[in-house]
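Enquirer: Below is the structure I would like to discuss, written out as structure tokens.
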Amino acid sequence: MSLRTPLGLLAAILVRIPLILKTVLLHTAQMSPASGKQDLRTELTVAVIRSFMGGNTALGKVQSRGLKDPGVKGPMWISKVTLPQPEDAVRDAVLRAIEDHKTGDETYDIPDTAAVEGEWTGYRAGVGKKTPEPDLSEEEKYHKMREESPSDMTILYFHGGAYFLLDPISHRAPVAHLSHLTGAPVFSVRYRLAPQNPFPAALVDALTAYLSLLHPPPGSLHKAIPANKIIFAGDSAGGNLALALLQTLLTLDRASHTIPFHGQEIPIELPAGVATISPWCDVTRSMPSIANNAYLDYLEAPQVPSDDPAVKVPLHQYPFAADEIWPSTPPRADIFCTASVMRHPLVSPLAAPAELWKKAPPVSISTGEEGLTDEDLILARRLHGAGVPVVAEMFEGMPHCHGIMFMDTPASHRFFEGFAGFCRDAVAGRVVATGNLKWIGFKLRETKEIPLEKACETTDEEVEARMERIAVWKLEGERELLKEYREKAKL
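Structure representation (structure tokens):
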């Protein structure tokens, strides 16, 4: 029964009444683990979302739920476009960057170069939340959007969803709100999803989208946008993709590469800045906060190998029922990529040493007290060490992507204020980097500045060891899966 139907939603709520009552009672009595860091609404919402994260539904079914377009209504302009397929040189440029950072026998799929769909998004003033979009062509809606988005800045947005879920349609409300606050049009990219299209397909699509903003292909609705007027932005896996795209450009720029694009030879240009929301920087998910902050987050801590080398913990793949898309054929240890490439800088930005971030434009990192907190703060520390202007903030007690999950809360308003401010400042060239993390307390009652060098106790050496431990365990598990697969293929 679908959650999109009234009966399906009612059934889901009824099943969770015991959980809801328990959470309310414990929070009211100040006996719940999160009661001192989350208000009742946040703790209850986190508990309910977490309860939906398990189950044994087929991945294809879960994925399809996030791809169903509910239609456009309310204070937003949406213009759907398709960027034409460029030359394979775009794909080849990404492959050159990947190869530049390989350290051994990393393997990955070679994707096709493809057309890229996306949505131009802007704020539509003077309408109610349920007002339907007018009956206009996509071109007419684009021009209406541009009329109400007067800024010369453009935001290139990548949605989250662990690289295998969600879509621009799921992020229309926060993206339109970001457009409202900045006055900028936002191009939200429908990049290819795993497991059908594993790494680096999404990265190829991201580069195609960026080059298309710089140098519009024939038939485009938009005019050429200077690189110093473009901000990369994204949440969770979209934050990963924004950072990976930046790392790709930095790599190609060091080699003075140009890219053939729709008949032109395109130079490598860096954007004005990168703004991320709870970015997923470590695909191995091996930092301490993954487990330590699980009680505040709806993202559950993953299974990990035992500390005792004598105890062998078999690889447990994502808890999805088998279907035509997962497990993949041949099998992988991870939905997004092969185990051998999990510590590649273009897969896990946390794997990039500080020197690889030199000459990067300003970067904003906003995180909660969540599973990904450590990797976000460590990356901020690395960027700062490379001389990159960094604006970092952490909201006490807040779960993953809280700013776009709880949009009508004071904490979300504070988040969007900083997020939009960074975008404006980056394009204007006035980002002020303090070298500190801004810690924002529960209910916004207290703030303090913490040096980025001290914001996370995990050292770079510990980071590398932790990532290697999980990656090696995943690689061993993947080899077992491949062995079983090949043995069955012989029968």
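At position 101 of the sequence shown (counting the first as 1) the number is 104 in this note's numbering, and the numbers step up by one without a gap. Just so you know, even glycine gets a beta-carbon here, dropped at the ideal spot from N, CA and C. What you are looking at is a predicted structure, and each value in this text was computed from that prediction instead of being measured.
Under the rule that 16 or more other beta-carbon atoms within 10 Å means buried, what is valine 435, buried or exposed?
Expert: Along the sequence shown, read from residue 1 onward, the residue named residue 435 stands at position 432. The residue in question, valine 435, is exposed, as its Cβ has fewer than 16 Cβ neighbours within 10 Å.
Enquirer: Please state the DSSP three-state secondary structure of arginine 433.
Expert: The count along the sequence shown starts at 1 and reaches residue 433 at position 430. Coil at arginine 433, not helix or strand.
Enquirer: Per the DSSP calculation, aspartate 238 is bridged to which residue(s)?
Expert: On the sequence shown, position 235 is the one that residue 238 refers to. In DSSP, aspartate 238 forms a bridge with Ile280.
Enquirer: Rank His174, Glu303, Glu465 by C-alpha distance to the C-alpha of valine 192 and give the top, closest one.
Expert: The residue labelled residue 192 in the question sits at position 189 within the sequence shown. Selection His174, Glu303, Glu465 evaluated against valine 192 yields His174 as nearest (Cα-Cα).
Enquirer: With three or more C-beta pairs closer than 8 Å as the rule, is the stretch 231-240 touching the stretch 321-330?
Expert: Result no; under three Cβ-Cβ pairs closer than 8 Å.
Enquirer: Just list the alpha helix (DSSP H) runs in the stretch 86-118, keeping only unbroken ones of 4 residues or longer that don't cross its boundaries, in chain order.
Expert: 92-103
Enquirer: Put glycine 421 into one of helix, strand or coil per three-state DSSP.
Expert: One-based indexing of the sequence shown puts residue 421 at position 418. In this structure, glycine 421 counts as helix in the three-state DSSP scheme.
Enquirer: Would you kindly work out how many angstroms separate the C-alpha atoms of isoleucine 172 and arginine 44, rounded to a whole number?
Expert: Taking the sequence shown and counting its residues from 1, the one referred to as residue 172 is at position 169. Taking the sequence shown and counting its residues from 1, the one referred to as residue 44 is at position 41. Distance between isoleucine 172 and arginine 44, taken at the CA atoms: about 25 Å.
Enquirer: What are the uninterrupted segments assigned as alpha helix (DSSP H) that are 4 or more residues long and contained completely in the stretch 366-411, given in chain order?
Expert: 376-388, 405-408
Enquirer: CB-CB under 6 Å to proline 220, same chain, minus the five flanking residues each way: which ones, in chain order?
Expert: Counted from its first residue, the sequence shown places residue 220 at position 217. Excluding residues within five positions, the ones whose Cβ falls inside 6 Å are Pro87, His265.
Enquirer: Can you tell me whether DSSP reads tyrosine 301 as helix, strand or coil?
Expert: Sequence index remark: in the sequence shown, residue 301 carries index 298 (1-based). Tyrosine 301 falls in the coil class under three-state DSSP.
Enquirer: Among all the DSSP beta bridges, which residues are the ones paired with tyrosine 145?
Expert: What you label residue 145 is simply residue 142 of the sequence shown in a count that begins at 1. None, per the DSSP bridge assignment.
Enquirer: Are there 16 or more other CB atoms within 10 angstroms of the CB of histidine 347, so buried, or fewer, so exposed?
Expert: Mapped onto the sequence shown, residue 347 falls at position 344. When all chains shown are included, histidine 347 counts as buried.
Enquirer: What are the boundary residues of the alpha helix (DSSP H) that phenylalanine 440 is part of?
Expert: Translated into the one-based positions of the sequence shown, residue 440 becomes position 437. Sequence check: residue 440 is leucine here, not phenylalanine. Per DSSP, leucine 440 is not a residue of any alpha helix (DSSP H); the beta strand (DSSP E) it occupies stretches across 439-443.
Enquirer: Residue ranges of each alpha helix (DSSP H) run of no fewer than 4 residues wholly in the stretch 38-73, ordered along the chain?
Expert: Within the stretch 38-73, the complete alpha helix (DSSP H) runs of at least 4 residues are 43-55, 62-68.
Enquirer: If you follow the beta strand (DSSP E) that arginine 175 is in, where does it begin and where does it stop?
Expert: For this step, residue 175 is matched to residue 172 along the sequence shown. Unbroken run through arginine 175 is the alpha helix (DSSP H), 175-185; no beta strand (DSSP E).
Enquirer: Please classify methionine 4 as buried or exposed, where buried requires at least 16 other C-beta atoms within 10 Å of its C-beta.
Expert: For the purposes of this step, residue 4 is taken as the residue at position 1 of the sequence shown. Its pLDDT being 41, under 50, methionine 4 is placed unreliably by the model, and the measurement read from it follows with that caveat. Around the C-beta of methionine 4, fewer than 16 other C-beta atoms lie within 10 Å, and the residue is accordingly described as exposed.
Enquirer: What does the Cβ neighbour count give for lysine 71, buried or exposed, with the cut at 16 atoms within 10 Å?
Expert: Walking along the sequence shown from the start, residue 71 turns up at place 68. Its Cβ having fewer than 16 others within 10 Å, lysine 71 is exposed.
Enquirer: Exposed or buried, what is histidine 416 when buried is set at 16 or more other beta-carbons lying within 10 Å of its beta-carbon?
Expert: Reading the sequence shown from its first residue, position 413 is the one you call residue 416. With fewer than 16 other Cβ atoms within 10 Å, it is exposed.
Enquirer: With DSSP as the reference, label serine 292 as helix, strand or coil.
Expert: In the sequence shown, residue 292 corresponds to position 289, counting from 1. Reduced to three states, the DSSP call for serine 292 is helix.
Enquirer: Could you name the residues of the same chain whose beta carbon sits closer than 8 Å to that of leucine 273, not counting the 5 residues immediately before and after it, in chain order?
Expert: Counting from 1 along the sequence shown, the entry for residue 273 is found at position 270. Correct list, in chain order: Ala230, Leu249, Leu252, Leu253, Asp256, Lys362, Ala363, Pro364.
Enquirer: Between alanine 429 and proline 263, which are expected to be in contact by the criterion C-beta below 8 Å, what is the C-beta distance as a whole number of angstroms?
Expert: Residue mapping note: residue 429 aligns to position 426 of the sequence shown, counting from 1. Residue mapping note: residue 263 aligns to position 260 of the sequence shown, counting from 1. Going by Cβ atoms, the distance from alanine 429 to proline 263 rounds to 29 Å, so no, they are not a contact pair.
Enquirer: What separation, rounded to the nearest whole angstrom, lies between the Cα atoms of proline 201 and phenylalanine 339?
Expert: Here residue 201 is taken as the residue at index 198 of the sequence shown, counted from 1. Here residue 339 is taken as the residue at index 336 of the sequence shown, counted from 1. Taking the straight line from one Cα to the other gives about 5 Å.
Enquirer: By DSSP, does tryptophan 80 sit in helix, in strand, or in coil?
Expert: Within the sequence shown, residue 80 is the residue found at index 77, counting from 1. Three-state result, tryptophan 80: strand.
Enquirer: Within the same chain, show all residues whose beta-carbon is closer than 6 Å to that of alanine 383, passing over the 5 residues directly before and after it, in chain order.
Expert: Mapped onto the sequence shown, residue 383 falls at position 380. Cβ within range, chain order: Ile368, Val393, Ala395, Leu455.
Enquirer: Does the beta-carbon of asparagine 59 have 16 or more other beta-carbons within 10 angstroms, so that it is buried, or is it exposed?
Expert: Looking up residue 59 in the sequence shown gives position 56. With fewer than 16 other Cβ atoms within 10 Å, it is exposed.
Enquirer: What residue from His180, Ala179, Val277 has the CA that sits closest to tyrosine 213's CA?
Expert: As a first step, residue 213 must be located in the sequence shown, where it is residue number 210. Nearest C-alpha to tyrosine 213: Val277.
Enquirer: Specify the secondary structure class of serine 5 as computed by DSSP and reduced to three states.
Expert: Residue mapping note: residue 5 aligns to position 2 of the sequence shown, counting from 1. Annotation note: pLDDT 48 at serine 5 (below 50); position unreliable, no value reported.
Enquirer: What are the boundary residues of the alpha helix (DSSP H) that includes threonine 211?
Expert: Residue numbering aside, residue 211 sits at position 208 when the sequence shown is read from its first letter. Threonine 211 -> alpha helix (DSSP H) spans 204-217.
Enquirer: Under 8 Å: do the stretch 464-478 and the stretch 278-293 share three or more Cβ pairs, one atom per stretch?
Expert: When Cβ pairs closer than 8 Å are counted between the two stretches, the stretch 464-478 is seen to touch the stretch 278-293, the count reaching three or more.
Enquirer: In the structure shown, what three-state DSSP assignment does alanine 324 receive?
Expert: Your numbering for residue 324 matches position 321 in the sequence shown. Three-state result, alanine 324: strand.
Enquirer: Looking at the unbroken beta strand (DSSP E) that takes in proline 317, where does it start and where does it end?
Expert: Taking the first residue of the sequence shown as position 1, residue 317 is located at position 314. Unbroken run through proline 317: none, as it is neither H nor E.
Enquirer: So, is threonine 279 buried or exposed, given that buried needs 16 or more other C-beta atoms within 10 angstroms?
Expert: By 1-based counting over the sequence shown, the position of residue 279 is 276. Answer is buried; the Cβ neighbour count reaches 16.
Enquirer: Am I right that glutamate 373 and aspartate 300 are in contact with their C-beta atoms under 8 Å? What's the rounded C-beta distance?
Expert: Taking the sequence shown and counting its residues from 1, one reaches residue 373 at position 370. Taking the sequence shown and counting its residues from 1, one reaches residue 300 at position 297. Rounded, the Cβ-Cβ distance is 4 Å, consistent with contact.
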